[in-house]
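S.K.: All residue numbers in the sequence shown are consecutive under our numbering, ending with 183. Backbone N, C-alpha and C fix where the C-beta goes; we use that ideal spot for every residue, glycine too. Please see the structure below; I have some questions.
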Amino acid sequence: MIEQERLAADLLSSTQRVAQHIDALVRPLPARHRVVRPPAGGWSIDEILEHLCLANADYLPLMERALDTAVPAPGRGKWRATWGGWLLVRAMESSRRTAAPAAIVPEVAPRHHVLDEMLSSLATLQSVITRADGVEWRRVHLVSPYARWLRLNLGDAALVVVRHTERHARQMARVAAAVR
Numbered sequence: 004m005i006e007q008e009r010l011a012a013d014l015l016s017s018t019q020r021v022a023q024h025i026d027a028l029v030r031p032l033p034a035r036h037r038v039v040r041p042p043a044g045g046w047s048i049d050e051i052l053e054h055l056c057l058a059n060a061d062y063l064p065l066m067e068r069a070l071d072t073a074v075p076a077p078g079r080g081k082w083r084a085t086w087g088g089w090l091l092v093r094a095m096e097s098s099r100r101t102a103a104p105a106a107i108v109p110e111v112a113p114r115h116h117v118l119d120e121m122l123s124s125l126a127t128l129q130s131v132i133t134r135a136d137g138v139e140w141r142r143v144h145l146v147s148p149y150a151r152w153l154r155l156n157l158g159d160a161a162l163v164v165v166r167h168t169e170r171h172a173r174q175m176a177r178v179a180a181a182v183r
């Protein structure tokens with residue numbers, strides 16, 4: 004178990020750090036580099052950003068709705084991952100390649116301002132985390148948007164979004180190096 008207040012601070016810090024890293028990596032790149040897929044295969048940088056936009060658009064509204072119905076709790080207490088949340092976070096932290104759920108595979112050209120929209124989704128995540136102060140995260144539940152049988156708590160979902168973004172930030176750095 005971890006102190007919820009510490010987890011919230013870690014998540015806010017990690018979100019800020021990964022947003023700055025992605026912005027510094029991607030914004031200076033010429034548009035032609037952002038749409039090129041790496042020679043070894045995989046997504047372009049803009050496709051990765053679109054994937055993150057799609058995933059965050061699925062997770063964040065669920066988190067906000069769960070928070071809307073949450074009962075305020077005195078103190079912050081301890082947080083513990085659910086079994087499913089723990090597995091998802093470990094999958095995001097792994098360097099092993101995994102297939103994305105079909106719903107978040109970018110099938111069309113990425114949206115026009117994909118970097119700004121992805122960064123905006125991270126700002127929304129920070130807002131959700133801040134708004135969740137005074138609520139016991141392990142008692143706020145939501146269902147995974149990709150596996151209806153998988154129940155997560157608010158801390159699980161926030162960790163999944165952050166670790167997923169960090170995972171793809173590393174992928175973007177590899178793609179940027181490969182297409183230059």
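Quick one: using the 10 Å Cβ neighbour count with 16 as the cut-off for buried, is His5 buried or exposed?
M.R.: Before going on, a small fix: residue 5 reads as Ile here, not His. So Ile5 counts as exposed.
S.K.: Taking the beta carbon of Ala27 as the centre, do at least 16 other beta carbons fall within 10 Å, making it buried, or is it exposed?
M.R.: It is exposed - the Cβ of Ala27 has fewer than 16 other Cβ atoms within 10 Å.
S.K.: Could you give the uninterrupted runs of the alpha helix (DSSP H) lying entirely in the segment 21-87, keeping only those of 4 residues or more?
M.R.: Whole alpha helix (DSSP H) segments, 4+ residues: 34-37, 48-71.
S.K.: Does DSSP classify Arg93 as helix, strand or coil?
M.R.: Looking at Arg93 - three-state DSSP - the assignment turns out to be helix.
S.K.: Helix, strand or coil for Val117? Go by DSSP, reduced to three states.
M.R.: In this structure, Val117 counts as helix in the three-state DSSP scheme.
S.K.: Measure the C-alpha to C-alpha separation of Val165 and Thr18 and round it to an integer number of angstroms.
M.R.: Val165 and Thr18: Cα-Cα distance of roughly 6 Å.
S.K.: By how many angstroms is the C-alpha of Pro113 removed from the C-alpha of Thr85?
M.R.: Between Thr85 and Pro113, the C-alpha separation is close to 33 Å.
S.K.: Going along the chain, which residues of its own chain have a beta-carbon closer than 6 Å to the beta-carbon of Thr133, five neighbours each way excluded?
M.R.: Within the same chain, Thr133 has no close Cβ partners at all.
S.K.: For Arg141, does the count of other Cβ atoms within 10 angstroms reach 16, so buried, or fall short, so exposed?
M.R.: Flag for Arg141 reads buried.
S.K.: Would you tell me roughly how many angstroms separate the C-alpha atoms of Asp159 and Trp82, rounded to the nearest one?
M.R.: In a straight line, the C-alpha of Asp159 is about 9 Å away from that of Trp82.
S.K.: In this structure, how does DSSP classify Val131 when only helix, strand and coil are distinguished?
M.R.: Three-state DSSP puts Val131 in a helix.
S.K.: What is the rounded straight-line gap between the Cα of Arg40 and the Cα of Ile25?
M.R.: Whole-angstrom Cα-Cα distance: 17 Å.
S.K.: Can you have a look at Gln7 and say buried or exposed, based on whether 16 or more other CB atoms are within 10 angstroms of its CB?
M.R.: By the 10 Å Cβ count, Gln7 comes out buried.
S.K.: Just to confirm the assignment, what range does the alpha helix (DSSP H) spanning Leu155 have?
M.R.: It is not in any alpha helix (DSSP H) - Leu155 instead sits in the beta strand (DSSP E) that spans 154-156.
S.K.: I'd like to know whether the C-beta atoms of Ala106 and Asp136 end up nearer to each other than 8 Å.
M.R.: In this structure, Asp136 does not lie closer than 8 Å to Ala106 by Cβ.
S.K.: Just verifying my parser: in three-state terms, what is the DSSP assignment at Val111?
M.R.: Correct three-state label for Val111: coil.
S.K.: Who are the Cβ neighbours of Val138 in its own chain at under 8 Å, not counting the five residues just before and after it?
M.R.: Cβ neighbours of Val138 beyond the five flanking positions: Leu70, Ala73, Val74, Pro75, Ala76, Leu157.
S.K.: Quick one: Cα of Glu120 to Cα of Cys56, how far?
M.R.: About 7 Å.
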